[in-house]
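Please read the structure below before turning to the comments.
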Amino acid sequence: MKSTALLGCIADDFTGATDLANMLVRGGMRTVQMIGVPDVALDVSAQAVVIALKSRTAARNEAVAQSLAALEWLKSQGCRQFYFKYCSTFDSTQDGNIGPVIEALMRALDTPFTIACPAFPENGRTVYRGHLFVGDTLLSESGMQNHPLTPMTNANLVRVLQQQTQVKVGLLRYDAIQQGIDAVAAARRELAHGGAGMAIADAISDTDLYTLAAACADDLLLTGGSGLALGLPGNFQRAGLLPVGASAATLPFVGGLSVVLSGSCSRATNAQVEHWLTAGRPSFRIDPLALASGAPVIEDALRYAMGYLEREAVLIYATSRPEDVKVVQETLGTNESGALVEQAMATIAGRLHDSGVRCFVVAGGETSGAVVKALDVRALQIGQQIDPGVPWTASLGGEVPLALALKSGARPTEGDLSMNSVSSAVTATETKVREEIVRIGADLYARRYTVGLAGNLSARLDDGWLITPIDACLGHLDPAAIAKVSRDGRWVSGDKPSKTLSLHRAVYDHNPDVHGVVHTHSTHLVALTLAGVWRDDEVLPPITPYAVMKVGRIPLIPYHRPGAPAVAERVAQLAPHVRGVLLERLGPVVWGPSVSQAAWALEEFEETARLWLMTDPKPAPLSATQIEALTDPIMPRFAANLSMMYQEHDFLDRFAAAAHDGFTGVEFLFPYDFAAADIVARLKDHGLTQALFNAPPGQWASGERGIASLPGREEEFRRGIRLALAYAHELGNDKIHVMAGLIGAGDDHAKYRAVYLENLAFAAHEAALHGVTIVIEPINTRDMPGYFLSRQRDAHQICTEVGASNLKVQFDLYHCQIVEGDLAMKLRQLIGSVGHIQIAGVPDRREPDDGEVNYRYLLRLIDSLGYDGWIGCEYRPRGGTSEGLGWLHEWQ
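Residues in the sequence shown are numbered consecutively from 10, following my numbering.
Following this line, the structure appears as C-alpha cells:
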C-alpha cells in the first residue's frame, strides 16, 4: 500500500505518543501510532504516523540513536513534515536528552532553526517569559520536583534546554505571538540572525498554539508537547492536502473485561487513585518491597482481580506518595525499583489478557510502555478522546483487537483516573448490549420485519443510550458503529444517530422501566394502518391471548414525516401507559425491559396483525371478562424462607423440601457459609427462583443485626455489598436486604442516619450495575430492641432522600402490625415503593392463618394493587413445616 502519511512524529514515551496522536485525530487526521521503530512499511491508510519510543529517561546516545532510526523510517514513508514530541512538563534534567535529540534531528534534516513549545493550556501547562507553569504554579514547585526519574527543579526552560545542547537557545516571546503570524515570523528571523538555532516559545492559550503552528507551517521540523499539534492539521487543510470536516476517530469494536493499571507516582495520579479508593471500588496495591522479597504479589493480584472482573473494572496500582517512593528507592535503588514495578505490571497485563481482559487503562508513561510490550502491541489506531489528551486506541495487527487508554502520570485528569475512562469505555455490560442490538437487528432483518435501511433499535445504559445509526441496515450492523448518546442528548461516539432519536428518548424519559426500544416497518402492521379500519386510536382488536398479555393495547399515531417532533411528543404522553405505538404508514415502535423483550413483543404484535389480515370474516375480539382474566396479575407468588422453615432438614436439603410442597421461590438470611455453586445446583435441580437474601450483617453470632448505619464500619459495609452482589450474580437473585443495625439509647441518631443514607446510596449504585434492587426493612423493636429502623414512613422517606430507583422497602406485615397496625391503608398508600413483602402470623410469628391478621383479605388487596413480586413466608412453623401449609393450598 502506498503511504498517505503527511506528518511523521517521534515521541519519547508511549503515553506522550498517544496524547499527540489524539490531538491530530481531533483535527481530522487519520493517525496510527507505531510502538517502536517499525521494520516494515506502513500497511494501513494514515495521514499522520506517530512512533512511540521509550527514550525519555534513556542515556543521550541511546535516545539520539532511537530518534534518528525513527526519523529514517518516517522519511521512507514519504512524510512531508516531522515533529519531535516530549512531555508538556519538559521532563528532563541537566543531563537529559531533549536538547541532544533536537540537535541530532536538525542535523539529519539539514534545518537551521526550530522551536520548542511544550505548552498545553488545555491541561494547565503554559509558558510565559520562557518559564513553564502548571496551573498558577511554577513547574519547579508543582510536584514535578519530586519526579522519581526526571525531577524538574528549574522552571526556566531556556536555561534547562541550553544546558543540554551546544546550539544557542533563544526565547520566542509572548509579545510577538499575540501580534500574530507575521510578528512571529519576524521574531524568528531576528532570533536566527542572532545565532539561535532553537527557541523556547511562549504560549498561554490555544490561540497562541494555532498562531505558532500556522507561522511554522513550512518548517521541516517542529518540537513540543501535544498542544502545538492542535494547529498542524489546519496547515495541511489550508494546503489542500487534508479534507476539511472528515471524521478520523472511528475504531473497531472491542469487547471483553476491563482493568486499570497504575504505575505512576505523580501527584495527579496519587489524587486519582485516592479518589478510586475512597469510592470503595475494587483495588489491589503492588508493594515493590514485597515484590523484591519474593512474595507472591503477582499471583495475589491476579487472584483478586479475577474475583471482580466479570462484574466491574479493577484497579491494580503501585502508585505511592513521594515519601514512600523515597523509602523504596533508597532500599532498592531508583532504576531497580522502577524496573521491578514495570515488570510486574507487564506480567499482570499479559496474564489478564490470557484470562479475557481486552480493555486496559494504564497510568504512567513507563508503565504504559511495559504493558504495551507485554501485550505484543506493535501499532495502535487512535480513536475518540475520553479525557483531555487521552484517547481510546485499538491495537492493530493482532487476532483480536484490544482497547487501550494510555495516560500520562502527570496529566491532571479530573476525578478518578479514568476511572472516568473506564466508565466511558465499552464495558462488559455495554459490550453485551451492543452485541444484543446486532443480534436482534440481524434476526428482525432475516424475518423480513424490516428491509433496506429501515428501522432502528436502541437500549438504555447507565450513562445514556445506544441507538442504531442513521441509514444503517439492521441486518448488517457493526457494533462499533452503533451510536452512543449521553443522557443530555450529546452524540458521544459511533456513527451519527438515527433521526428518530427524539422518539426513543421520549420513551426512556417517561418510562424508567424501559431499557430497549424497537422500531420496524413490519409488513402486516404497516398494511393494517393502510386499511383504515380501527376502533378509536387502536388498530388491532384483542383477538389472541398472547397479544393481550405480551403487547396489550397499542394506539395508532397518525402519519407524520419520520423524525417529526409531533411523534415524540405523543409518544412521551403514551410511554408510561402502553408498551408500544403504531405509526401510520411507518410501522410499530415497541418497548420493554430489554431490546430482546421488546423484539419478542413486536413479533407477537406482527403475528397477530398477520392473523387479522388473513382471516375473513374477522374474528370477534376477546370479551372484557376474558381480557380481565389475562391481565390480572397471577398472584401471589410465595417464597419459602429457608432460614425459618424446614429446619427439620439440613440447609441444602431444604430446597428440595420446599419444591416438593409447591413453592417456586425461596429466600433466606445469608448464603455465605456455602459455595454459590452448591446453592445454584439446588435451585436448578428443583426449578426454584432465588427471591431474596441479606447482605452480610456484621458479627451476627455476637448479636449484631446489620452495619449499614454504624459509623466507622463503612469499608466493611462496602466489602459486604460486593460479596452479596457476587452471590446475587451467581444465584440469579435480584433483591438484597440490607440491615441497618442496632443503635444505643444515647447514640447520636442523626449521625447514624447520615451514615445509613451514604451507605445505601453506595449499595444502590453498585447494585444498579448488576440489575439488583436493594431493600430496607422496618423491624419491630419488641423482637429486636434498638433496631435503627422500625416504621414504614421512615423507611420510605429514606428511600426518597437517597433517590435511587432500585432502593425500595421490604414491607414485613408481621413487623408493621406489631409497631403500627393499619396494614391495609399503609399498603394502599405505600405499595408503589415496596420491593418485597413478607408475612407471618401475629403475635407469635407462626403460620399466616394463625393470629390476629386477616391475610386472606390482605393478600387479595395486594393482588388488586398490582404488586407482582414475591411474598416471603418468614415464619416459624408450629410443628413440621409441610404439615402446617394448609393455609397455602387456597393460593395454589
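Yeah, the Cβ is synthetic: ideal placement off N, Cα and C, and Gly gets one too. Computed from a predicted structure; not experimentally measured.
For A185 and I44, the rounded distance between their alpha carbons | I44 and A185: Cα-Cα distance of roughly 38 Å.
Are three or more beta carbon pairs between the stretch 436-456 and the stretch 400-414 nearer than 8 Å?
-> Under the 8 Å Cβ criterion, the stretch 436-456 does not count as touching the stretch 400-414, having fewer than three qualifying pairs.
Stretch pair the stretch 69-88 + the stretch 100-116: three plus CB contacts closer than 8 Å = Under the Cβ criterion (8 Å, minimum of three pairs), the stretch 69-88 counts as touching the stretch 100-116.
Taking the alpha-carbon positions, what's the A668 to L697 distance?
-> So the two alpha carbons sit approximately 7 Å from each other.
How many Å lie between I636 and V560 at the Cα?
-> Whole-angstrom Cα-Cα distance: 12 Å.
Report the three-state DSSP secondary structure of H658 (helix, strand or coil).
-> Three-state DSSP puts H658 in coil, outside helix and strand.
Status (buried if at least 16 other CB within 10 Å, exposed otherwise) for P857 | The residue in question, P857, is buried, as its Cβ has 16 or more Cβ neighbours within 10 Å.
Keeping to the same chain, check which residues put their C-beta closer than 7 Å to that of R854; ignore five residues upstream and five downstream.
-> Sequence-distant Cβ neighbours of R854 in its own chain, meaning closer than 7 Å and more than five residues away, are Y823, Y884, R885.
Got a sec? Which residues, its chain only, sit under 6 Å from L631 by beta carbon, not counting five neighbours each side?
-> Excluding residues within five positions, the ones whose Cβ falls inside 6 Å are P551.
For C126, which of A78, T24, A30, S235 has the nearest alpha-carbon?
-> Nearest to C126 by C-alpha distance, out of A78, T24, A30, S235, is S235.
H513 versus A577, T529, W82, residue with shortest Cα-Cα distance | Nearest option by C-alpha distance: A577.
Nearest CA to the CA of E351: which residue from L286, M558, L270, A226?
-> Ranking the options by Cα distance to E351, first place goes to L270.
Put L870 into one of helix, strand or coil per three-state DSSP.
-> Under the three-state reduction of DSSP, L870 is assigned to helix.
F23 (DSSP reduced to helix, strand or coil) = Secondary structure of F23 (DSSP, three-state): helix.
Span separating the alpha-carbon of N244 from that of G37 = Going by the C-alpha atoms only, they are around 12 Å apart.
Check whether E829 and Q806 have beta carbons under 9 Å apart = Going by C-beta atoms, E829 is not nearer than 9 Å to Q806.
With a Cβ-Cβ cutoff of 9 Å, do H6 and E615 count as a contact?
-> In this structure the chain extends from 10 to 901, so residue 6 is not present and cannot be described.
Could you round the C-beta distance between L230 and L83 to whole angstroms and report it? I think they count as a contact, below 8 Å.
-> At roughly 11 Å, the Cβ-Cβ gap does not stay under 8 Å, so L230 and L83 are not in contact.
For the candidate residues R499, L200, R731, S377, whose alpha-carbon lies nearest to that of G272?
-> With distances taken between Cα atoms, G272 lies closest to S377.
Cβ contact check for the stretch 659-678 and the stretch 747-754: 3 or more pairs under 8 Å = These segments do not touch.
In the DSSP assignment, what are the bridge partners of M43?
-> For M43, which the question treats as bridged, DSSP gives the partners I60, A388.
Give the straight-line distance between the Cα atoms of A463 and H530, rounded to the nearest whole angstrom.
-> Distance between the alpha carbons of A463 and H530 is about 7 Å.
Between the Cα of M6 and the Cα atoms of C482, A515, G498, G888, which residue gives the shortest distance?
-> Nothing about residue 6 can be reported from this structure: the residues present for the chain run from 10 to 901 only.
Where does M428 sit, in a helix, a strand or coil, going by DSSP?
-> Unreliable positioning characterises M428 in this predicted model, as indicated by a pLDDT of 44, which lies under 50. The coordinate reading is nonetheless provided below. DSSP places M428 in helix when its eight states are reduced to three.
Measure the C-alpha to C-alpha separation of G25 and A754 and round it to an integer number of angstroms.
-> Going by the C-alpha atoms only, they are around 59 Å apart.
Check each candidate in G17, L384, D191, D104 and name the one with the smallest Cα separation from L114.
-> With distances taken between Cα atoms, L114 lies closest to G17.
In chain order, what residues of the same chain have a beta carbon less than 6 Å from the beta carbon of G601, not counting five sequence neighbours either side?
-> Closer than 6 Å at the Cβ level, and outside the excluded window around G601, lie G525, A607, A610.
Span separating the alpha-carbon of S151 from that of G144 | One alpha carbon belongs to S151, the other to G144, and they sit about 9 Å apart.
Span of the beta strand (DSSP E) holding L405?
-> Counting along the chain, the beta strand (DSSP E) containing L405 begins and ends at 399-405.
Note down, in chain order, each residue of its chain lying with its Cβ closer than 6 Å to the Cβ of V371, except the 5 sequence neighbours on either side.
-> Excluding positions up to five away in sequence, the list reads L270, S377, V380, L415.
For H779, write down the residues that DSSP places opposite it in a beta bridge.
-> H779 is not bridged to any residue.
With a Cβ-Cβ cutoff of 9 Å, do T340 and C274 count as a contact?
-> For the 9 Å CB-CB criterion, T340 and C274 do not form a contact.
Inter-residue Cα distance where the pair is R469 and A280 | So the alpha carbons of these two residues sit roughly 32 Å apart.
Could you have a look at M623 and say whether DSSP puts it in helix, strand or coil?
-> DSSP places M623 in helix when its eight states are reduced to three.
Inter-residue CB distance, L166 and G139 (contact presumed, cutoff 8 Å) = Between L166 and G139 the beta-carbon gap is near 6 Å, inside 8 Å, which marks them as a contact.
Check whether the stretch 869-877 touches the stretch 836-845, taking contact to mean three or more Cβ pairs, one atom from each stretch, closer than 8 Å.
-> Yes, the stretch 869-877 touches the stretch 836-845.
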